[in-house]
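Enquirer: In my numbering, the protein residues as written are 379 to 594.
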Ligand code: SF4
């Protein structure tokens, strides 16, 4: 086994401090992992897909030490760390070990596509305060055309989350994706999500290259 595996080191494309109102409650730091199973046409963070992108490696302990500089902000505002990327649920063991370092002092938010094996979600859910789930579109044809992968796993995981997690702590993003879906498609996605008992929906429109891109 390599030293990296022993130390559970993971690559990050960025660590952004002092975020307010975008990644959950209070002051948060976004820790963005490198790597994602999807290939979204309008990906905001193409660096996370680029094998040659510059990355910074952390172990759970070294990331915790790095983020401690904002401990007072996190505790005073009820904030903490948002794991994004890329796809944080490709690194469930890293997040579990990071949570052990925090000992519950900081809130943990996970921003995910949920297009990962169910056991990864099951590892992370008990220690996550809030999920932000990037549904994209519930229609598998639209989803596959946009991301290059089926959303069957997303819905399996979403059903598990509905049954085993506090749905009030899940925000689901259902964007209009220019050239891929319509307002009607978004309505259908929202109905399917509501059927599972989720009510916190974030609707917005991806902006394409003419006006700047907004994606997960
Ligand atoms: S937009 Fe998000 S889910 Fe899609 S490829 Fe980029 S990082 Fe992955």
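Backbone N, C-alpha and C fix where the C-beta goes; we use that ideal spot for every residue, glycine too.
(1) According to DSSP, is residue 398 helix, strand or coil?
(2) Under 8 Å by Cβ, that's how I've got residue 485 and residue 413 pegged, so tell me the actual separation to the nearest angstrom.
(3) Would you call the stretch 560-569 and the stretch 521-537 in contact, with 3 or more CB pairs under 8 Å?
(4) Across the stretch 540-554 and the stretch 426-444, are there enough close Cβ pairs to call them in contact, namely three or more that are closer than 8 Å?
(5) Buried or exposed, going by whether 16 or more other CB atoms sit within 10 Å of the CB of residue 583?
(6) Going by DSSP, what residue range makes up the beta strand (DSSP E) through residue 549?
(7) DSSP has residue 435 in a bridge; who is on the other side?
(8) Are the beta-carbon atoms belonging to residue 513 and residue 549 less than 7 Å from one another?
(9) If you drop the 5 nearest sequence neighbours on each side, which residues of the same chain put their C-beta closer than 6 Å to that of residue 468?
(10) Under 6 Å from any heavy atom of the ligand SF4, does the C-beta of residue 386 make it?
(11) Using a Cβ-based criterion (distance less than 6 Å to any ligand heavy atom), does residue 528 qualify as near the ligand SF4?
(12) Is it true that the CB of residue 528 sits closer than 7 Å to the CB of residue 515?
(13) Kindly indicate which three-state DSSP category residue 514 falls into: helix, strand or coil?
(14) Quick one: is the Cβ of residue 416 within less than 6 Å of any heavy atom of the ligand SF4?
(15) Within the present structure, is the beta-carbon of residue 460 separated from the nearest heavy atom of the ligand SF4 by less than 6 Å?
(16) Could you pull out every residue in the same chain whose Cβ sits closer than 7 Å to the Cβ of residue 395, ignoring the five residues on either side in sequence?
(17) Can the beta-carbon of residue 560 be found less than 7 Å from the beta-carbon of residue 581?
(18) Thinking C-alpha only, which one of 452, 500, 454 and 464 is nearest residue 474?
(19) If contacts are defined as beta-carbon pairs under 8 Å, then residue 464 and residue 411 qualify, I think. What distance do you get, rounded to the angstrom?
Expert: Let's see:
(1) Residue 398 falls in the strand class under three-state DSSP.
(2) Contact flag wrong, Cβ pair sits at about 24 Å.
(3) The stretch 560-569, when compared against the stretch 521-537, does not touch it at the 8 Å Cβ threshold.
(4) Of all C-beta pairs linking the stretch 540-554 to the stretch 426-444, fewer than three are shorter than 8 Å, placing the two stretches out of contact.
(5) Exposed, by the Cβ-count rule.
(6) Segment 548-551, the beta strand (DSSP E) holding residue 549.
(7) In DSSP, residue 435 forms a bridge with 389.
(8) Not a contact, by the Cβ cut-off of 7 Å.
(9) Take residue 468, set aside five residues on each side of it, and the residues of its chain with a beta-carbon closer than 6 Å to its own are 413, in chain order.
(10) No, the beta carbon of residue 386 sits no closer than 6 Å to any heavy atom of the ligand SF4.
(11) Flag unset: Cβ of residue 528 not near the ligand SF4.
(12) Taking 7 Å as the Cβ cut-off, residue 515 and residue 528 do not qualify as a contacting pair.
(13) Residue 514 falls in the coil class under three-state DSSP.
(14) Within the chosen limit of 6 Å, the ligand SF4 reaches the beta carbon of residue 416 through at least one heavy atom.
(15) The closest heavy atom of the ligand SF4 lies 6 Å or more from the beta carbon of residue 460.
(16) If the five residues before and after residue 395 are omitted, its C-beta is found closer than 7 Å to the C-beta atoms of 407 and 448, all from its own chain and listed in chain order.
(17) No, the pair does not count as a contact, with Cβ atoms beyond the cut-off.
(18) 500 is the residue among 452, 500, 454 and 464 whose C-alpha sits nearest the C-alpha of residue 474.
(19) So it is a contact: roughly 4 Å between Cβ atoms.
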